[in-house]
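A.B. asks: Residue numbers (our numbering): 23 to 510.
1. Could you check where the alpha helix (DSSP H) with residue 23 kicks off and where it finishes?
2. In the DSSP assignment, find the unbroken alpha helix (DSSP H) run with residue 330 in it and report its ends.
3. Grab me the residues of residue 480's own chain with a C-beta within less than 7 Å of its C-beta, minus the 5 sequence neighbours each way, in chain order.
4. Are three or more beta carbon pairs between the stretch 250-268 and the stretch 213-233 nearer than 8 Å?
5. Would residue 365 and residue 297 qualify as a contact pair, given that the criterion is a beta-carbon distance under 7 Å?
6. On the criterion of 16 or more Cβ atoms from any shown chain inside 10 Å, does residue 190 qualify as buried, or is it exposed?
7. Mark residue 377 as exposed unless 16 or more other C-beta atoms lie within 10 angstroms of its C-beta, in which case mark it buried.
8. Mapping the DSSP letters down to three states, classify residue 373 as helix, strand or coil.
9. Rounded to whole angstroms, what is the Cα-Cα separation between residue 417 and residue 143?
10. Measure the Cβ-Cβ separation of residue 181 and residue 57 and say whether it is below 7 Å.
11. Looking at the structure shown, is residue 64 part of a helix, part of a strand, or coil, going by DSSP?
12. Run the CB neighbour count on residue 167, radius 10 Å, all protein chains shown included, and call it buried at 16 or more, exposed below.
13. For residue 351, I'd like the list of residues in its chain whose CB is within less than 6 Å of its CB, leaving aside the five on either flank, ordered along the chain.
14. Assign residue 41 to buried or exposed, taking buried as 16 or more other Cβ atoms, counted over all protein chains shown, within 10 Å of its Cβ.
15. Alpha carbon to alpha carbon, how far is residue 420 from residue 123?
16. For the alpha helix (DSSP H) containing residue 164, list its first residue and its last residue.
17. Start and end of the alpha helix (DSSP H) containing residue 262?
18. Going by other Cβ atoms of all chains shown within 10 Å of its Cβ, with 16 needed for buried, is residue 170 buried or exposed?
19. Which whole-angstrom value describes the C-beta separation of residue 285 and residue 307, a residue pair presumed to lie in contact below a C-beta threshold of 8 Å?
20. With a threshold of 8 Å, are at least 3 pairs of Cβ atoms found where one atom belongs to the stretch 125-142 and the other to the stretch 30-40?
21. So, residue 310 versus residue 321, is the Cβ gap smaller than 7 Å?
22. Consult DSSP for residue 144 and reduce its assignment to one of helix, strand or coil.
23. Could you compute how far the alpha carbon of residue 66 sits from the alpha carbon of residue 382?
24. Would you mind working out which of 292, 258, 54 sits nearest residue 185, comparing C-alpha positions?
25. If you draw a straight line from the alpha carbon of residue 294 to that of residue 379, how long is it in whole angstroms?
26. List the whole-angstrom C-beta distance separating residue 276 from residue 46, where the pair is believed to meet the contact cut-off of C-beta under 8 Å.
27. Looking only at C-alpha atoms, which of 393, 33, 173, 478 sits nearest to residue 77?
28. Please list, in chain order, all residues of the same chain as residue 52 whose beta carbon is under 8 Å from its beta carbon, the five residues on each side excluded.
29. Kindly indicate which residue of 411, 164, 397, 279 has the alpha-carbon position closest to the one of residue 209.
30. Quick one: grab the DSSP three-state call for residue 418.
31. Can you name the start and end residues of the alpha helix (DSSP H) that residue 189 belongs to?
32. Where does the unbroken alpha helix (DSSP H) through residue 498 begin, and where does it stop?
33. Are there 16 or more other CB atoms within 10 angstroms of the CB of residue 499, so buried, or fewer, so exposed?
34. Would the beta-carbon of residue 260 fall within 7 Å of that of residue 221?
35. Note down, in chain order, each residue of its chain lying with its Cβ closer than 8 Å to the Cβ of residue 63, except the 5 sequence neighbours on either side.
36. Using alpha carbons as the reference points, say which of 253, 409, 291 lies closest to residue 453.
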């Protein structure tokens, strides 16, 4: 069941109507039932896997809560981690490492041919696994009391707005909300619906339209020239942000309609002034997860600079693998790790250069140039994230700027012909929608957009809502386009 599907359009209002019609004590069980139905609609047999890992984590947490020392708790921690990470490895990484091992064996002329497993990746497994791991580690360390109500814990793991693509919630943030009774609140429901409408606009008007440009080029990069490659990279840079932040808005909005607050996952990432700043704005729940459960336990920045750089590279290599069992994702993660190492290492040099060039005295210009450089670096890395293979990624990255000295009208005509006769119209609609997103992000950087809209006269405010709805209905690309992060 996709958020941008007719199925969800029927499912969600039905759940909301029943939720507020039922007595308070039946609302959480209803949402749990709805969440399991939501997951069941993807692939029924994997609902059993979700239930089994939930039961094991629930029991492990209870057992640890009854033991005084970490040494006594450790076997239950290891059992839960083995279950969660083992499941993730089996479904997501076994064939990747098997293919890598077979390739190495073949290169070394060794007799090895490990069989592949015909497994379909359970939707959302990377997200709910990391959420459960965070819970069990926090209980082990004594930072969080184990949840004693099985139904409540099951809802924490399976809450349908964020089950399949996050945000990755922490027990300390979500479990207290699940213990509360949520009565109908007009302001909260209206706020949630506005956020859902904005998320849907970003998905079907911006992301799916930009995909019409990006997909043909990334799928067959050798058919296109440098101009098309640059446009495709720019399109995907916008597409993935609109797609994933649009999903997050739909998730946070639908949860808010039911009275729950999910964590903020994006904070205007393309306004970042460095790659480090970008990761303090992009997919915050995952960035914070790696910081708290990998980077800091490795020593963080408390050790020598060399050790800190090694820790950064380890975190981003793992982040790349988390996104996908492919060398393209590993290279994407490695690039971001190298960006951060270079930023840390060159910080004094860049500060001196800013003073020498006078940029330090012109902070606005300095910020614009820093943001442009950051987006360029991030966009280059997106090539490896999106490409179907490493050869395709290297081809695109090495042909971006070849042949620009020979551009002529016939080349532009060839580009338009290759992308389809409706391309110009689609590009104009996408450009207008992206401009609206850029304005919204710029406004959000200065303060709450909701508070800003609340100061508008009511007729103008409602006209903007109607305009957004009509733009979505008439300008949206509707179909079976799933959200990019659903594959992880």
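Don't be surprised by glycine CBs; every beta carbon is placed ideally from N, CA and C.
If you're wondering where the values come from, they're calculated on a predicted model, not measured in any experiment.
C.D. replies: On the basis of the supplied data:
1. The residue you call residue 23 lines up with position 1 of the chain shown. Taken as a continuous stretch (DSSP letters only), residue 23 belongs to no alpha helix (DSSP H), as it is neither H nor E.
2. As a working note, residue 330 is residue 308 in the chain shown. Start and end: 327-345.
3. Position 458 of the chain shown, counting from 1, holds the residue named residue 480. Cβ within range, chain order: n/a, list empty.
4. yes
5. The residue labelled residue 365 in the question sits at position 343 within the chain shown. The residue labelled residue 297 in the question sits at position 275 within the chain shown. Closer than 7 Å, so yes.
6. Taking the chain shown and counting its residues from 1, one reaches residue 190 at position 168. Burial call: buried.
7. Start at 1 with the first residue of the chain shown, and residue 377 comes out as number 355. The residue in question, residue 377, is exposed, as its Cβ has fewer than 16 Cβ neighbours within 10 Å.
8. On the chain shown, position 351 is the one that residue 373 refers to. DSSP places residue 373 in helix when its eight states are reduced to three.
9. Residue 417 sits at position 395 when you count from the first residue of the chain shown. Residue 143 sits at position 121 when you count from the first residue of the chain shown. Their backbone Cα atoms lie some 29 Å apart in a straight line.
10. Residue mapping note: residue 181 aligns to position 159 of the chain shown, counting from 1. Residue mapping note: residue 57 aligns to position 35 of the chain shown, counting from 1. Yes. Within cutoff.
11. Here residue 64 refers to the residue found at position 42 when the chain shown is read from its first residue. It is coil, neither helix nor strand.
12. Residue numbering aside, residue 167 sits at position 145 when the chain shown is read from its first letter. It counts as exposed.
13. Residue mapping note: residue 351 aligns to position 329 of the chain shown, counting from 1. Hits under 6 Å: 342, 345.
14. What you label residue 41 is simply residue 19 of the chain shown in a count that begins at 1. Looking at its Cβ environment, which holds 16 or more other Cβ atoms inside 10 Å, residue 41 is buried.
15. To locate residue 420, count along the chain shown from 1; it is residue 398. To locate residue 123, count along the chain shown from 1; it is residue 101. Spanning the two alpha carbons is a distance of roughly 28 Å.
16. Residue mapping note: residue 164 aligns to position 142 of the chain shown, counting from 1. Looking at the DSSP string, residue 164 is not in any alpha helix (DSSP H), and its letter there is neither H nor E.
17. Here residue 262 refers to the residue found at position 240 when the chain shown is read from its first residue. Unbroken alpha helix (DSSP H) run through residue 262: 248-279.
18. Sequence index remark: in the chain shown, residue 170 carries index 148 (1-based). So residue 170 counts as exposed.
19. On the chain shown, position 263 is the one that residue 285 refers to. On the chain shown, position 285 is the one that residue 307 refers to. Indeed, because the Cβ distance is near 6 Å, the residues count as touching under 8 Å.
20. no
21. For the purposes of this step, residue 310 is taken as residue 288 along the chain shown, with counting starting at 1. For the purposes of this step, residue 321 is taken as residue 299 along the chain shown, with counting starting at 1. Result no, Cβ atoms of residue 310 and residue 321 do not sit closer than 7 Å.
22. Here residue 144 refers to the residue found at position 122 of the chain shown. Of the three classes helix, strand and coil, the one that applies to residue 144 here is coil, per DSSP.
23. Numbered from its first residue, the chain shown carries residue 66 at position 44. Numbered from its first residue, the chain shown carries residue 382 at position 360. About 58 Å.
24. As a first step, residue 185 must be located in the chain shown, where it is residue number 163. Looking at the Cα atoms, 54 is the closest of the given residues.
25. As a working mapping, residue 294 is identified with position 272 in the chain shown. As a working mapping, residue 379 is identified with position 357 in the chain shown. Cα-Cα distance, rounded: 21 Å.
26. Along the chain shown, one-based indexing puts residue 276 at 254. Along the chain shown, one-based indexing puts residue 46 at 24. Their Cβ separation, rounded to whole angstroms, is 20 Å, which puts residue 276 and residue 46 out of contact at 8 Å.
27. Here residue 77 is taken as the residue at index 55 of the chain shown, counted from 1. Minimum Cα distance to residue 77 is reached at 173.
28. Taking the chain shown and counting its residues from 1, the one referred to as residue 52 is at position 30. Excluding sequence neighbours, residue 52 sits near 37, 40, 41, 44.
29. For the purposes of this step, residue 209 is taken as the residue at position 187 of the chain shown. The shortest C-alpha separation from residue 209 is found at 279.
30. In the chain shown, residue 418 corresponds to position 396, counting from 1. Residue state, collapsed to three classes: helix.
31. What you label residue 189 is simply residue 167 of the chain shown in a count that begins at 1. No alpha helix (DSSP H) contains residue 189, which DSSP labels as neither H nor E.
32. Mapped onto the chain shown, residue 498 falls at position 476. Residue 498 -> no alpha helix (DSSP H), and no H or E assigned at all.
33. Position 477 of the chain shown holds residue 499. Classification for residue 499: buried.
34. As a first step, residue 260 must be located in the chain shown, where it is residue number 238. As a first step, residue 221 must be located in the chain shown, where it is residue number 199. Not in contact: residue 260 and residue 221 (Cβ atoms no closer than 7 Å).
35. Counting from one through the chain shown, the residue named residue 63 turns up at place 41. If we look at residue 63 and ignore the five residues flanking it on each side, its Cβ neighbours are 23, 29.
36. Taking the chain shown and counting its residues from 1, the one referred to as residue 453 is at position 431. Closest by alpha carbon: 253.
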